[in-house]
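Have a look at the structure below before the remarks.
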Amino acid sequence: MSFDSRSATIVALAAAGVLAAALLEESALAVYVLLALTATVTVGVSLLMGHAGQVSLGHGAFYACGAYAAGVLSTHGCPTWLGLLSAPFAAAAVATIVGVPLLILRGHHLAFATLALHLIFLSLISELSITGGDVGLQGIPRLSLAGITLTSVRSYAYLSCTALLLVVVVAQNILSSRPGRALRALSSSEVAAASSGVAVGYYKLAMFALSASFAGLAGGVYAFYMGYLSPGSFPVMLSIEYIVMAAVGGLGKVSGAVLGSALVFLLVHGLSRVATASGMPSTAPIILSYAVYALLLVSAVLFLPSGLVGLAARAAARVRARARARHSNGGQAETPLAAGPDQPAAPEQVASKHGSFS
Amino acid sequence: MSAFLSYLIHGISLGCGFALVASGIIIIYRVTRVVNLAQGMFAVVAGFSAASLLDIGLPHVLAESVAIGAAAAVGVLTGYVAVGKRGTNPQASLIVTLGVGIFCYAFEVLIWGDQPRSFAGLAGSYEFFGVDVPKQYLLVTPITVLVFVALELFFERTYAGKAMTACASNPYAAALQGIGVLRMSLYGFGLGGALGGVAGVLLTPLHPISYDSDVSLFVNGFAAAILAGLKRPVLALAGGLLLGVAESMVAGYSKASYQSALALLLTLAILLVQAMRRETLHAVEES
Chain X
0 MSFDSRSATI VALAAAGVLA AALLEESALA VYVLLALTAT VTVGVSLLMG
50 HAGQVSLGHG AFYACGAYAA GVLSTHGCPT WLGLLSAPFA AAAVATIVGV
100 PLLILRGHHL AFATLALHLI FLSLISELSI TGGDVGLQGI PRLSLAGITL
150 TSVRSYAYLS CTALLLVVVV AQNILSSRPG RALRALSSSE VAAASSGVAV
200 GYYKLAMFAL SASFAGLAGG VYAFYMGYLS PGSFPVMLSI EYIVMAAVGG
250 LGKVSGAVLG SALVFLLVHG LSRVATASGM PSTAPIILSY AVYALLLVSA
300 VLFLPSGLVG LAARAAARVR ARARARHSNG GQAETPLAAG PDQPAAPEQV
350 ASKHGSFS
Chain U
0 MSAFLSYLIH GISLGCGFAL VASGIIIIYR VTRVVNLAQG MFAVVAGFSA
50 ASLLDIGLPH VLAESVAIGA AAAVGVLTGY VAVGKRGTNP QASLIVTLGV
100 GIFCYAFEVL IWGDQPRSFA GLAGSYEFFG VDVPKQYLLV TPITVLVFVA
150 LELFFERTYA GKAMTACASN PYAAALQGIG VLRMSLYGFG LGGALGGVAG
200 VLLTPLHPIS YDSDVSLFVN GFAAAILAGL KRPVLALAGG LLLGVAESMV
250 AGYSKASYQS ALALLLTLAI LLVQAMRRET LHAVEES
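So this is what it looks like as structure tokens:
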């Protein structure tokens, strides 16, 4: 992706986000806030899975970690802005500490270890008295920034939109710089990357901590938005939802993470609206949401390994190639998937490198 | 003393259940290199099915057998989705089994609702050294031992068992010998489903299960499988018993909510030690 199309993506996202936050009704804004926060976490999960080649079934724990860090600090007299600021750092610190031993593990061992991490974190916060135990943490004050207290849902919509944009900008910049190339190298072969001078262990840990800090930031906003936290707000299913969204959008692609989380979130939300209509059994919403998440996950992994963004890129490349062929009147010099200036490699190749679960 | 004895008996029964789940994970892993995240779900399906079949008046034994059969069928279906498509790598299959497990949540809630269910196992209890031991606890251990003996015989004596072992050690060579690797993978998933089912029907009378009980069943089963080095099902029996007794003691003498955290930490520690020992080997394998 060239610099121009990258900043175009960000500007488009910012415009859409701000417009939606300004124009939506109050009732829709609640969905908007949660959607933006979910997308913020998913960007990190997608980068981690797509570029560092790690499956994390525990990102919900980092989300919870940020939320509790913000909540505990601000209920104990800290200024709320400091609570929000500490959320990503707390999550990144936890990720660094547990990441040093855990990232020795690979594949299914790492998947299990991150799942275990989530479960241990849940039992920890339901035992500690400082986090309020099973009852939860109540009375978190509203966020105050520079003397303004954010009370309306709309102000939290702007805040969550800002968090998402911040995360997208950071992610885009990292991917297009030296660390991004190093990560791409190590996701296809750690041995080859290490022998080309990439500090594999360092980059994996840094990526793990960075994606945790994205989740922590989203968690911090969530804490002030809800004003109440309990272990029940962070079920294991939450960690899995992020993976579904990242896989549907296309692993390793920032735009894919945002698109995937928006589509999946809105689909599940829309269906649960239908399911809560009168005449439906009380269990209908959970049945539908489980079924949708499961079907999307399985079909994305099996049939769409590069996600919706990969599909779109392939279609666009095909259209361009056809147009070019027509332009040069059936010239044979052009291969159908020729690498253009903003298409560094054929999409299939990209997909097989860091779009799949290898 | 009597408290210790009752914790021990409870722990052994619990450990047998973990071992059954673990042996299913190991068998599937050996043949397909896939860690089946839906393994706990098989036990839940069997437990729920047995409860429903008993409700409609089927006698014991028959109801449980049908439930185990249902779990085996679900196992084969899971396998078909997870490894049936050509060129699916184990990590993608791992995520697919996760998806299948969640899909079954929807299915289970649809059929059985979201409340915990149970059914009555063997009624009555015996008395040992002043401890009342429900008969169901005493049923769990012998059945588990029988199942493990049958498994050993299956892998040592039958053609299908040997063919599965061949696929486990080298799928390419096995295919050259005319063994259908996909078929053996599906057998593996079916057998794993049945083993999960046995765990489900044995444990449900002891603890009511709900649709999301599969997380703790999987976590403990995988822990036992890791203790066994993911190699031989029989070793999982030792791993499961160790884990079950340790958890039961922690729950008895300390706090019940610590038991699963302890099992998880123990498993993580073992995983890390194993990984550090084999790190260079893995790196070579992967390239």
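Residue numbers (numbering that gives the first Met the number 0), protein chains in the order written: chain X, 0 to 357; chain U, 0 to 286.
Each residue gets a CB set at the ideal place from its N, CA and C atoms; glycine is no exception.
Residues that residue i bridges to, as DSSP identifies them
i, result
"X:S143", "X:T148"
"U:I208", "U:R116"
"X:L136", "X:L228"
Check whether residue i and residue j have beta carbons under 9 Å apart
i, j, result
"X:F223", "X:L33", "no"
"U:F102", "X:A293", "yes"
"X:A20", "X:L28", "yes"
"U:Y186", "U:A159", "yes"
"U:P89", "U:V33", "yes"
"U:I94", "X:L296", "yes"
"X:L118", "U:L263", "yes"
"U:V65", "U:L57", "yes"
"U:V30", "U:C166", "yes"
"X:G217", "X:L47", "Checking the sequence, you will find Ala at residue 217 of chain X rather than Gly. For X:A217 and X:L47, no; Cβs fall outside 9 Å."
"X:P140", "X:T79", "yes"
"X:T130", "X:L18", "no"
"U:L138", "U:G120", "yes"
"X:V318", "X:L258", "no"
"U:R231", "U:I25", "yes"
"X:L109", "X:S55", "yes"
"U:T143", "U:A18", "yes"
"U:Q135", "U:L61", "no"
"U:A49", "U:F118", "yes"
"X:G106", "X:F213", "no"
"U:A91", "X:L104", "no"
Partners in chain U for residue i, counting only beta-carbon separations shorter than 7 Å
i, result
"X:P100", "L271"
"X:S271", "Ordered by position in chain U, no residue passes the 7 Å Cβ test against X:S271, which lies about 13 Å from the chain."
"X:I103", "L271, A274, M275 and E278"
"X:A274", "Ordered by position in chain U, no residue passes the 7 Å Cβ test against X:A274, which lies about 11 Å from the chain."
"X:T282", "V108, G112 and D113"
Proximal residues of chain U, C-beta to C-beta of residue i below 9 Å
i, result
"X:S45", "Within 9 Å Cβ-Cβ: nothing; X:S45 doesn't reach chain U, min ~14 Å."
"X:L303", "Per Cβ cutoff of 9 Å: no residues; X:L303 is ~12 Å from chain U at best."
"X:A293", "L97, G98, V99, G100, I101, F102, C103, Y104 and A105"
"X:A290", "I101, F102, Y104, A105, F106 and L109"
Contacts of residue i in chain X (Cβ-Cβ under 9 Å)
i, result
"U:T266", "F111, A112 and A115"
"U:V214", "L114, L118 and V235"
Cα-Cα separation, residue i to residue j
i, j, result
"U:L271", "U:L261", "15 Å"
"X:A184", "X:A191", "8 Å"
"X:S195", "X:E189", "10 Å"
"X:L336", "U:L150", "Caution is warranted here: a pLDDT of 49 is assigned to X:L336, below 50, making its placement in the model unreliable, and no coordinate value can be reported."
"U:I8", "U:Q38", "25 Å"
"U:S1", "U:V130", "6 Å"
"U:R156", "X:L237", "45 Å"
"X:G441", "X:Y62", "Examination of residue 441 of chain X is not possible in this model, given that chain X is present from 0 through 357 alone."
"X:V197", "X:Y157", "39 Å"
"X:R5", "X:Q171", "8 Å"
"U:E284", "U:G191", "Legend: pLDDT at U:E284 = 48, less than 50; position of this residue unreliable, value from coordinates given subsequently. U:E284 and U:G191: Cα-Cα distance of roughly 27 Å."
"U:G238", "U:F221", "10 Å"
"X:C160", "X:G16", "6 Å"
"X:V152", "U:D54", "50 Å"
"X:V247", "X:Y201", "29 Å"
"X:G330", "X:L310", "For X:G330, the predicted structure reports a pLDDT of 48, less than 50, and the residue's modelled location is therefore unreliable. A value from the coordinates is still provided. Between X:G330 and X:L310, the C-alpha separation is close to 26 Å."
"X:A315", "U:V249", "59 Å"
"X:G285", "U:S215", "One detail in the question is off: residue 285 of chain X reads as Ile in this sequence, not Gly. The alpha-carbon atoms of X:I285 and U:S215 are separated by roughly 20 Å."
"X:A90", "U:A162", "48 Å"
"U:G78", "U:F188", "5 Å"
Interface residues of chain X facing residue i [CB-CB closer than 7 Å]
i, result
"U:L109", "I286"
"U:L93", "H107 and A110"
"U:T164", "Residues of chain X passing the Cβ test: none, with the nearest at roughly 21 Å."
"U:K84", "L301"
Residues that residue i contacts on chain X, provided the C-beta gap is smaller than 8 Å
i, result
"U:A260", "L118, I119, S122 and L123"
"U:V75", "What U:V75 touches in chain X: nothing, since even the nearest Cβ is about 16 Å away."
"U:V130", "Ordered by position in chain X, no residue passes the 8 Å Cβ test against U:V130, which lies about 29 Å from the chain."
"U:L263", "A115, L118 and I119"
"U:F372", "No information on residue 372 of chain U is available, as it lies outside the stretch 0 to 286 that chain U covers here."
(request) Jot down the residue ranges of each uninterrupted alpha helix (DSSP H) in the stretch 161-241 of chain X, minimum 4 residues, whole runs only, in chain order. (result) 177-187, 189-194 and 199-225
(request) Can you check the stretch 266-330 of chain X for any alpha helix (DSSP H) of at least 4 residues that lies completely inside it and give the ranges in chain order? (result) 283-302 and 306-326
(request) Identify every run of the beta strand (DSSP E) within the stretch 55-97 of chain U, keeping only runs that are complete inside it and at least 3 residues long; order them along the chain. (result) none
(message) Quick check on the DSSP output: what are the complete alpha helix (DSSP H) runs of length 4 or more inside the stretch 160-211 of chain U, in order along the chain?
(response) Taking only runs of at least 4 residues, the alpha helix (DSSP H) segments lying wholly in the stretch 160-211 of chain U are 170-175 and 180-202.
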